[in-house]
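Below you'll find the structure, written out as structure tokens, and then a few comments.
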Amino acid sequence: MTKTAVVIGAGLAGIQVAQQLTDLGIVVHLIEKESIIGGLSTHLGRVFPTGDCALCLDASTEIFDGQHRRCQYRGLVTEKKNLKLHTLTEIKSISEVDGNFKISIKSQPRHVDLDRCVVCLECIEVCDVNTPDEYGIRGGTRKAIFRPIPQGVPLAPLIDMEHCTKCGKCVDICKVNAIDLEEKESTKTIKADALILATGVEEKVPLDFPGYEYRTSEDIITHAELARLLDPAGSTNGEVTTSSGNTVSEVTMVLCVGSRDLDAAEYCSQACCTYSLKHADMLRDLGIDVTICYMDLRVPKSSEHYLTLAREKGVKFLRGKPDSVIIRNGKPMTIVEDTQSQKRMQIESDLVVLASPLSPLADQNDALAEFIGEYGFISRVAKEGRVYACGTATGPTDIPTSIAEANAIALQVYTDLEGGV
Amino acid sequence: MSKPRTYTYFPGCMIPYRLPHFELTAREVLKKFNVELETHSEHSCCPEPTTFTGVDFEAWVTIAARNVAVSESTGNETVALCSGCFHTLAVANHMVQEDEELKKRINKRLKKSGLEITGKHTIKNILHVLHKDIGLDVIKKQVTNPLTSLKIAPHYGCHLVRPLEATHMDHAENPQWMDDVIRTTGAEIAEIEDKMACCGAPIMPSGEDKALTITASRLDQIKASGADAIVVVCPTCYTQLETQQAKVADKFETEYNIPVLYLGELLAFSMGMTDIVTANQRRFHRVKLGALLEKIGGTP
Amino acid sequence: MVKQETMLDLEFRSWLLEQPEGETLLRCYQCGRCTSACPVAEIEPSFNPRLFLQKILIGDKSIAENQLVWNCLTCEQCEVRCPEHVKIPHILILAKVRGLMAGNVPLAALDRARTIISEGRSLSVSSPMLKTRTKMGLPDLGTPSMDQIVAMLADIGIVGKLENVKSVYGDAEDE
Ligand code: SF4
Ligand code: SF4
Ligand code: SF4
Ligand code: SF4
Ligand code: SF4
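Protein chains in written order, with our numbering: chain A, 478 to 898; chain B, 1001 to 1300; chain C, 886 to 1060.
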């Protein structure tokens, strides 16, 4: 009998495990609460270890010579018969009867029929609504009918009903009748033999970490925001600017903001050291001075070249955790002890980038509560032979490790369900 | 009137014997709410937390625990008006509660005087009493002379607030309780930079220059806020910001002239008891209150 | 000889770790946030709480005799910001305690301590002040049983110490 697995979360780990299981003959439902797949990576631009587009780290032989990867968007997430993608969908409840799961899900309407839409994008052209773009920074806007990012899968647009005026222009222009302004939310129950939690992490918005005035200034940003500034396809066309539109010549980075901190995230967020280095390298390429305030640099072997590169490119390193980043004379100022020279410094810069913690998304959904362990993360086997987790749902890590873990879990699920390889 | 609510009052040294107008106004204000402060002759110096601790910590925590044990024997909750005393008693109590070894050691010493500390006694400061026990609405009802013309800078001071696990105050960096109580008088709160900045007093014995530099920076921050007066709870902050104010101004060749009031004095103003403040102003206030009194319609 | 010094140093560290809340020192990961948060460090470059803790951690007891520790305000700004909840001012207090017999105690602190153990108050109570209290209608506060207090303090050993200690701080204390 064909087995069914439900994968929760279509970030890179979820996509990977779903594809692998489908290829092994298991029916997979891939559940994603956002309108597109890719999770955190859709915010990131280039990622380590190779500096490629974040969306290109999936498994295949096609694109990168010799490497086992391909662009996930050229992959078959939406094409495979046995892989059912449910976007804009959340888990309402999970129950278990005789070793089988009944998983009830609720999907928000997209208002654009994925089977009909030919992605001509004329609807977006005609829409008159302009509203702040969640993926934009420094004032980017989008329409009420929109695509979060151009490469986002599914490729078809969606309508944000909070801002839509229901003028009907998009409906009229659509030649294939794909748009339904009245589409309602829907619920569904899926029976499954295994459950894989690939719920991932988000970069915490550092609103409440004492000392760092993120709340009051647009020149104190996070790495996800910096990635948007650096993205050539983003709203600034890759130009790194201050909130007042000036070019940036000095950037200070603060590591471990709210990580390894008994008042915030007690754990190390694992990836921030490396992506700080990656961003520092990219900023140096633009001729921007970078100072990194760190406690210790926790860079995995696979990414050590970023550190070498940063040193070569003249990134300044200062060992010390800043007490505060405040605004003085309109510019961010970082107050930190350089613990090597034992001097208390006040560093003025155009932009300060905070390495905010990566915090688990699983504990935002009550239906998953029973599987959650320390700090909101889940162990790889949350329930013997039934419930698994992979990717950053098990703890923050970088993308290569996430993908490797997804592969391992795929094999384990397959073994458990099919009784051996 | 119903039976008064009675607290065991821990007097310490600074308030009763140097700044008794603190005690006077606190008592008079609390009387309006039928609150009595009862003394106990066995209370000694708390001992103060800024120098005696560093002379002999074990002696400090022992005497402090003894004072708590004395309070405990009364069966009432304790109120310390002075922030130093409050901090000492609260911290020692908390340490005893957390550390079985320490508790055993101290109780062995206290046994000879027939005293015992459990670590469970409740120690409060004036803000706990006003904000939590009496309540803002009840306070508001006694305000007969709203001070709407005043802008007040609340200076909390470190020892009143920190450490939270012992003081049970609302917030270590951005406390609100004094702001709330001041607002009941109708006064406006001045926004001061660095809400919890220290007055500088604790290091007067070891580094007067540095202490006064810190005091000056505090007074600068308050002056910049445009406040008509500073309100404090702590007598040590008072000494530093009030008694030393002229000295600081001289040293840094500037002028402040910012009146400093004890919270009880401000409340007394708002409750129509201006005279208990003015009767003692010349003795205890070096910065003249004249302009302030004029603003609130009292006689200077 | 070197060996003996090392032992002495470790004794200081172990003593400190055994005091109430002393073991919070071991959580310190030397990030320096305390120093960047400290209002004294802001005006006095040689006052560096992180460095003081580092010295104690590696068993350097010189800190106990360093007059700088007495420049700590005990304001706890460092502690509030410390990601590891290290009881920084408390640890500096313990260092001061160990410096007492070497005379690392400001004169005013010594005077106050002596008044406390003889009179039970940190300041002498004058008769005009007692009169003022009466005039204000404030109650008589009485006096605690000093014999009991002194007996306890003698047990702890502080009474004898205070008789013998000489402050290295001059009369004009500051600087
Ligand atoms: S106009 Fe219709 S077919 Fe074209 S993108 Fe919009 S919904 Fe799709
Ligand atoms: S109906 Fe809504 S989405 Fe479509 S064009 Fe009008 S406002 Fe835009
Ligand atoms: S990865 Fe680096 S920056 Fe991130 S929490 Fe760990 S040590 Fe801090
Ligand atoms: S802030 Fe805390 S952990 Fe960091 S150096 Fe200071 S005491 Fe150590
Ligand atoms: S408690 Fe002492 S070390 Fe800590 S911030 Fe205050 S003055 Fe500095």
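By construction, the Cβ of each residue, glycine as well, lies at the ideal position given by its N, Cα and C atoms.
Give me, in chain order, the residues of the same chain whose beta-carbon lies closer than 7 Å to that of residue i; leave out the 5 immediate sequence neighbours on both sides.
| i | result |
| --- | --- |
| residue 656 of chain A | 588, 589, 600, 647, 648 |
| residue 1052 of chain B | 1060 |
| residue 1032 of chain B | 1142, 1271 |
| residue 858 of chain A | 865 |
| residue 787 of chain A | 754, 757, 758 |
| residue 543 of chain A | With a pLDDT of 37 at residue 543 of chain A, under the threshold of 50, the predicted position of this residue should be treated as unreliable, and no value is reported. |
| residue 1214 of chain B | 1198, 1200 |
Going by beta carbon distance, what residues of the same chain come within less than 8 Å of residue i, once the five residues before and after it are set aside?
| i | result |
| --- | --- |
| residue 1016 of chain B | 1023 |
| residue 1007 of chain C | 997, 1000, 1001 |
| residue 485 of chain A | 491, 508, 568, 672, 673, 674, 675, 676, 845 |
Would you mind working out which of the options sits nearest residue i, comparing C-alpha positions?
| i | options | result |
| --- | --- | --- |
| residue 1049 of chain B | C/987, C/988, C/977 | C/977 |
| residue 668 of chain A | A/652, A/594, A/501, A/574 | A/574 |
| residue 769 of chain A | A/793, A/698, A/820 | A/793 |
| residue 645 of chain A | A/724, A/613, A/606, A/661 | A/606 |
| residue 471 of chain A | A/581, A/611, A/750, A/501 | In the structure as shown, chain A begins at 478 and stops at 898. Residue 471 of chain A is therefore absent and cannot be evaluated. |
| residue 722 of chain A | A/728, A/730, A/713 | A/713 |
| residue 809 of chain A | A/832, A/652, A/689 | A/689 |
| residue 621 of chain A | A/638, A/514, A/580 | A/638 |
| residue 739 of chain A | C/971, C/945, C/1053 | C/971 |
| residue 1072 of chain B | B/1056, B/1057, B/1194, B/1093 | B/1093 |
| residue 937 of chain A | A/495, A/830, A/562, A/747 | Lying before the first or after the last residue shown, residue 937 of chain A is absent from chain A, which here runs from 478 to 898. |
| residue 965 of chain C | C/923, C/1049, C/1013, C/1043 | C/923 |
Whose C-beta lies closer than 6 Å to the C-beta of residue i among residues of the same chain, with five residues either side of it excluded?
| i | result |
| --- | --- |
| residue 1122 of chain B | 1077 |
| residue 1026 of chain B | 1081, 1264 |
| residue 949 of chain C | 980, 983, 984 |
| residue 1045 of chain B | 1013 |
| residue 1145 of chain B | 1270, 1272 |
| residue 1247 of chain B | none |
Can you tell me which of the three DSSP states residue i falls into?
| i | result |
| --- | --- |
| residue 1309 of chain B | Outside the displayed range of chain B (1001 to 1300) lies residue 1309 of chain B, so it cannot be described from this structure. |
| residue 514 of chain A | coil |
| residue 563 of chain A | strand |
| residue 758 of chain A | helix |
| residue 1042 of chain C | coil |
| residue 597 of chain A | coil |
| residue 1093 of chain B | helix |
| residue 485 of chain A | strand |
| residue 975 of chain C | helix |
| residue 1054 of chain C | coil |
| residue 901 of chain A | In the structure as shown, chain A starts at 478 and stops at 898, and residue 901 of chain A therefore has no counterpart that could be examined. |
| residue 826 of chain A | coil |
| residue 1005 of chain B | strand |
| residue 1155 of chain B | strand |
| residue 766 of chain A | strand |
| residue 577 of chain A | strand |
| residue 887 of chain A | helix |
| residue 1168 of chain B | coil |
| residue 1017 of chain B | helix |
Exposed or buried, which one is residue i when buried takes at least 16 other CB atoms within 10 Å?
| i | result |
| --- | --- |
| residue 825 of chain A | exposed |
| residue 806 of chain A | exposed |
| residue 911 of chain C | exposed |
| residue 1290 of chain B | exposed |
| residue 572 of chain A | exposed |
| residue 736 of chain A | buried |
| residue 1171 of chain B | exposed |
Looking at chain C, which residues of the stretch 1045 to 1058 of chain B have a Cβ within less than 7 Å of any of its Cβ atoms? 1045, 1047, 1048, 1049, 1050, 1051, 1052, 1053, 1054, 1055, 1056, 1057, 1058
Relative to chain C, which residues along the stretch 764 to 794 of chain A have a C-beta separation below 8 Å, given in chain order? 772
In the stretch 1204 to 1221 of chain B, which residues sit with their C-beta less than 7 Å from some C-beta in chain C, listed in chain order? 1205, 1206, 1207, 1208, 1209, 1210, 1213, 1214
By the 9 Å beta-carbon criterion, what residues does the stretch 890 to 923 of chain C contribute toward chain A? 912, 914, 915, 916, 917, 918, 919, 920, 921, 922, 923
Closer than 7 Å, Cβ to Cβ, to anything on chain B: give me those residues from the stretch 1002 to 1019 of chain C, in chain order. 1005, 1006, 1007, 1008, 1010, 1014, 1017, 1018
When Cβ atoms are compared, which residues of the stretch 799 to 813 of chain A fall closer than 8 Å to chain C? So the list reads 799, 800, 801, 812, 813, given in the order they occur along the chain.
Residues of the stretch 683 to 716 of chain A with Cβ closer than 8 Å to any Cβ of chain C, in chain order: 687, 688
Compile a chain-ordered list of the residues in the stretch 1263 to 1291 of chain B whose CB is closer than 7 Å to at least one CB of chain C. none
Between the stretch 969 to 986 of chain C and chain B, which residues of the former have a C-beta closer than 7 Å to a C-beta of the latter? Within the stretch 969 to 986 of chain C, 978, 979, 981, 982, 985 place their CB atoms closer than 7 Å to a CB of chain B, listed in sequence order.
Mind listing which residues of the stretch 945 to 972 of chain C have their C-beta closer than 7 Å to chain A's C-betas, in chain order? 966, 968, 969, 970
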